[in-house]
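Comments concern the structure below.
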Amino acid sequence: MQLAAAAIDNTPEGRDASTAGVTPVIFLHGFGGLAAQWRGLRTGISFKAPTYALDLPGHGGSLDWPGFGPPKVAAKAVLAFMSANELENAHIVGHSMGGAVASLVGLMEPGRVASLTLLAPGGFGAEFNHPLLLRWAAAQTRDELRDVMASFFGPDYVIEDKVIEFQYQARQRPGAIEALVSIAEGMSSDGKQGMLPVDDLLATGLPISMIWGTEDKVLPVSQGLALKDRVDLHIAENTGHSPAEEQPQLVQAVILSQLKAQ
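Here the sequence shown is numbered in my numbering, starting from 4 and rising by one per residue.
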């Protein structure tokens with residue numbers, strides 16, 4: 004069994020150079036997300052490197068993954084995907100829960116990770132908005148989705164109808180909402196999230212870039228600021244929990260800087 008990967012045309016005209024032999028970039032979505040939502044960023048990055056975007060266990064095409072839920076299960080699944088596709092190592096980009104999964108991949112097998120780009124990642128502090136994530140998991144109608152998604156963005160961001168429809172259609176698959184609720188309920192037993200061994204992660208010496216929005220209502224920006232002298236930290240003003248959508252140029256620039264530093 005292998006994680007589902009979103010397809011993308013990696014042969015656009017005008018590419019700077021062949022990406023053959025270049026270390027690939029793997030994109031990992033956040034809780035309730037899907038691999039397909041990375042398409043815009045992947046299109047820009049694919050001029051420089053091969054890209055992959057994965058549906059994490061319990062999501063999208065990986066909905067029926069056995070034992071889905073714990074981030075360690077997802078991290079092992081990512082490593083298995085890399086092995087199955089003969090990827091010796093990769094730059095890994097992870098958002099929120101996907102950031103925690105990316106970090107665990109780095110902890111488990113640092114030699115297979117060229118760099119980490121973490122967008123408001125989970126696991127870097129105990130505080131998180133668990134009630135909001137429970138609402139997000141259970142949202143069924145378009146109106147419910149629009150209402151809860153407003154909390155994932157900064158105050159000036161306008162959520163397009165097609166984004167709501169994308170999420171609505173994703174939840175029509177039998178078992179999709181039940182899987183999300185199960186994952187959300189398992190995130191905390193006391194209102195706090197599980198924490199990564201951050202010192203151990205930093206001790207690996209992996210290049211780590213982090214992007215965090217000042218208006219994040221899911222994970223407080225203070226968790227990023229606490230690491231300002233230990234990682235390549237980028238604070239995005241007037242930005243919520245979704246830097247990839249709200250600040251795509253910044254995110255792309257940070258990823259490309261990791262590729263250049265290889």
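Using N, Cα and C, we set each Cβ at its ideal position, and we do this for glycine too.
Report the rounded CA-to-CA distance for residue i versus residue j, giving the unit in angstroms.
| i | j | result |
| --- | --- | --- |
| F84 | I29 | 10 Å |
| T144 | G61 | 20 Å |
| Q196 | S185 | 15 Å |
| L236 | I214 | 6 Å |
| A56 | L82 | 13 Å |
| E248 | V166 | 11 Å |
| R138 | L6 | 26 Å |
| S49 | H98 | 19 Å |
Could you give the first and the last residue of the continuous beta strand (DSSP E) run that contains residue i?
| i | result |
| --- | --- |
| M213 | 211 to 216 |
| L236 | 235 to 239 |
| I95 | 93 to 98 |
Between the Cα of residue i and the Cα atoms of the options, which residue gives the shortest distance?
| i | options | result |
| --- | --- | --- |
| V116 | F71, T26, G125 | T26 |
| Q40 | P158, S245, A141 | S245 |
| R174 | G36, A187, G189 | G36 |
| G114 | L259, A52, N92 | N92 |
| D164 | A52, V224, D146, L204 | D146 |
| A140 | L183, M152, G101 | L183 |
| A129 | Q252, K79, A80, Q226 | Q226 |
| S118 | L136, L209, G72, A187 | L209 |
Just mark residue i as buried or exposed, buried being the case when its beta carbon has 16 or more other beta carbons within 10 Å.
| i | result |
| --- | --- |
| L122 | buried |
| V161 | exposed |
| P53 | buried |
How would you write the range of the alpha helix (DSSP H) that residue i sits in, first residue to last?
| i | result |
| --- | --- |
| A256 | 251 to 263 |
| E168 | 164 to 173 |
Helix, strand or coil: how does DSSP classify residue i here?
| i | result |
| --- | --- |
| F50 | coil |
| I29 | strand |
| A117 | strand |
| A142 | coil |
Would you say residue i reaches chain B, if we count a Cβ-Cβ gap shorter than 8 Å as a contact?
| i | result |
| --- | --- |
| G114 | Structure shown: chain B not included; a single protein chain is present. |
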